[in-house]
Amino acid sequence: MAIPERDKAILRDLANRLAEIASLPSQHEKIELWRRLNRLEPVRPMVLLLNDTWHENKDEIELKCEDEFARQQEWQLRTRLYHFEHMPDDHVYEAKVYCPIAIKVSGYGIDADVERPEHEFGAARFKPVINDCDDPSMIKMPEVMVDWEATDRTYEQLCEIYDGILAVERRGVVGHWFAIIDQFIQWRGIENTFIDMIERPEWLHSWFQRMTDWHLSLLEQYERLGLLSLNNGANYVGPGGLGFTDELPQPDFDGTHVRAKDQWGHATTQIFVDVSPEMHDEFALRYERQFLSRFGLASYGCCEPLHHKLDVIKRAIPNLRRVSVSPWADVGKAAEGLGNKYIMSLKPNPSIFSIEHWDIALAERKLREALEKARGCVVEVLMKDLHTCRRQPQRMWEWVRMAMRVVEEFAS
């Protein structure tokens with residue numbers, strides 16, 4: 017369907033503003049800072065705020081387009097411009113838009129039995145669907161399907177809208193999330209899984225290997241079908257910072273066919289918060305290393321505290337580059353374990369935004385305390401999992417400006 021001329025004019029005006037931002041010297045400076053950080057060079061801590069509060073702050077954005085496809089594009093453009101104008105962190109703005117390749121992947125062949133509450137962020141209840149006698153062959157290997165016609169239609173629409181202003185690029189898979197145990201406990205149950213680790217370890221290993229094989233098969237199909245895209249740019253690496261690096265793609269990259277070894281990879285096992293380093297190595301890292309070894313560089317972790325497991329993680333993943341240091345981690349111990357050999361993805365506690373009376377002084381004190389403990393490390397500060405600011409988005413604006421000021425004092 018053709019985009020109405022009025023909608024097209026609105027989008028082109030917004031695109032021109034984005035292109036102007038992308039041309040600013042500050043954007044090129046930030047790209048170089050990210051490259052240096054990802055090379056483990058001494059730079060100031062980089063700062064990102066990931067705004068997940070749009071469900072309560074939608075009134076901040078007024079859409080003017082009428083066509084549904086145009087409105088989707090308008091939302092993406094306006095939210096990016098809003099972030100730049102109000103939260104000038106270390107996000108990088110490029111004069112391009114991406115046309116996602118229409119990819120569909122068959123599932124595991126196992127459906128979770130889940131009860132979800134009405135509240136958007138309420139806790140779900142998963143009922144076990146895997147019994148003691150069940151075999152891992154229940155998991156069906158993945159099949160990848162691509163709708164190239166739909167992809168081409170979207171690409172042509174985007175080119176028509178942004179012609180002469182923004183580059184349009186077809187984009188395949190750039191993000192990888194290997195978290196098989198976090199998935200498995202939704203089928204088996206947390207208590208059952210932890211008991212299995214003691215009473216039925218070989219049976220459990222057979223399931224984890226099957227799930228690993230599923231992911232490896234998926235990755236191989238992506239490669240064979242040419243569905244991987246470079247992720248060494250303005251994209252997040254797992255739950256970490258931006259992927260800008262001159263270490264990827266590999267020297268033998270042909271310029272067209274992206275392989276896993278040309279990308280960043282990521283893995284995490286969040287459910288193993290209270291599992292010992294030894295059992296983490298046996299039941300998680302044994303499989304994560306199989307997956308991550310396919311990539312050029314790797315990141316690890318998400319919300320789970322990892323400060324007491326860094327030795328086994330570093331030993332298991334030779335291509336490890338960045339590690340999550342969550343709000344529940346001991347920053348001092350993490351700093352000792354990471355030093356300046358890995359990127360510390362430092363994640364302040366987002367609950368600071370949910371207190372009744374906003375306290376920017378408290379937020380600054382907490383950030384300073386963490387950065388002081390991380391002196392000498394290669395640090396990125398990620399304010400993420402931010403689901404509420406009590407309908408006061410100016411809290412985010414103030415936090416970003418404070419953080420950007422503070423990190424300058426911790427430049428190596």
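For what it's worth, the working numbering labels the leading residue of the sequence shown as 17, then goes sequentially.
No residue lacks a Cβ here, since even glycine has one placed at the ideal position from N, Cα and C.
- Taking tyrosine 114 as the centre and dropping the five residues before and after it, the same chain places the C-beta of Glu185 and Arg187 closer than 7 Å to its C-beta, in chain order.
- Asparagine 247 is a Cβ neighbour of glutamine 279, given a cutoff of 7 Å.
- If you ignore the 5 residues before and after lysine 389, its C-beta comes within less than 6 Å of the C-beta of Val347, Gly348 and Ala351, all in its own chain and listed in chain order.
- For methionine 399, the enclosing beta strand (DSSP E) stretches over residues 394-402.
- For tryptophan 413, the closest C-alpha among the options Val63, Leu27, Leu387 and Asp23 is that of Val63.
- Residue environment analysis places alanine 427 among the exposed positions, since fewer than 16 neighbouring C-beta atoms fall within 10 angstroms of its C-beta.
- Each residue's CA atom was taken as its position, placing lysine 46 and arginine 384 some 22 Å apart.
- Judged by DSSP in its simplified three-state form, glycine 353 adopts helix.
- Counting only runs of 3 or more residues that sit fully inside the region 102-163, the beta strand (DSSP E) segments are 112-116, 119-121, 129-131, 141-143 and 160-162, in chain order.
- Glutamate 172 and alanine 332 have their C-alpha atoms spaced approximately 45 Å apart.
- Put simply, the backbone Cα of arginine 141 is about 10 Å away from that of alanine 128.
- In the displayed model, isoleucine 359 falls within a strand according to three-state DSSP.
- Within a 10 Å sphere around the beta-carbon of glutamine 89 sit 16 or more other beta-carbons, which makes this residue buried.
- Per DSSP, methionine 213 is not a residue of any beta strand (DSSP E); the alpha helix (DSSP H) it occupies stretches across 206-215.
- Around the beta carbon of alanine 314, 16 or more other beta carbons sit within 10 angstroms, so the residue counts as buried.
- Under the three-pair Cβ rule at 8 Å, the region 289-302 does not count as touching the region 254-267.
- At the C-beta level, alanine 31 and glutamate 110 stay beyond 7 Å of one another.
- The beta carbons of leucine 244 and tyrosine 252 sit no closer together than 7 Å.
- The C-beta of serine 342 has 16 or more other C-beta atoms within 10 Å across all chains shown, which makes the residue buried.
- Residue pairing by DSSP places asparagine 67 opposite Leu402 in a beta bridge.
- The beta carbons of arginine 216 and proline 144 sit no closer together than 7 Å.
- Classified as buried, alanine 195 has 16 or more neighbouring CB atoms from the shown chains inside 10 Å of its CB.
- Between the alpha carbons of arginine 240 and alanine 118 lies a distance of about 16 Å.
- Beta-bridge annotation (DSSP): leucine 313 is paired with Trp280.
- Judged by their CB atoms, valine 394 and leucine 56 are nearer to each other than the 7 Å cut-off.
- For methionine 227, no pairing in a beta bridge is given by DSSP.
- If you check the CB distance, phenylalanine 311 and alanine 276 come in under 7 Å.
- Residue ranges of uninterrupted beta strand (DSSP E) with 3 or more members, entirely inside the region 24-69 and ordered along the chain, are 62-67.
- Taken through DSSP and simplified to helix, strand or coil, phenylalanine 194 comes out as strand.
- For aspartate 75, the closest alpha carbon among the candidates Pro409, Lys325, Glu218 and Val328 is that of Pro409.
- In the three-state reduction of the DSSP assignment, arginine 391 falls in the coil class.
- Proline 366 places its beta carbon 7 Å or farther from that of valine 328.
- In the three-state reduction of the DSSP assignment, valine 184 falls in the strand class.
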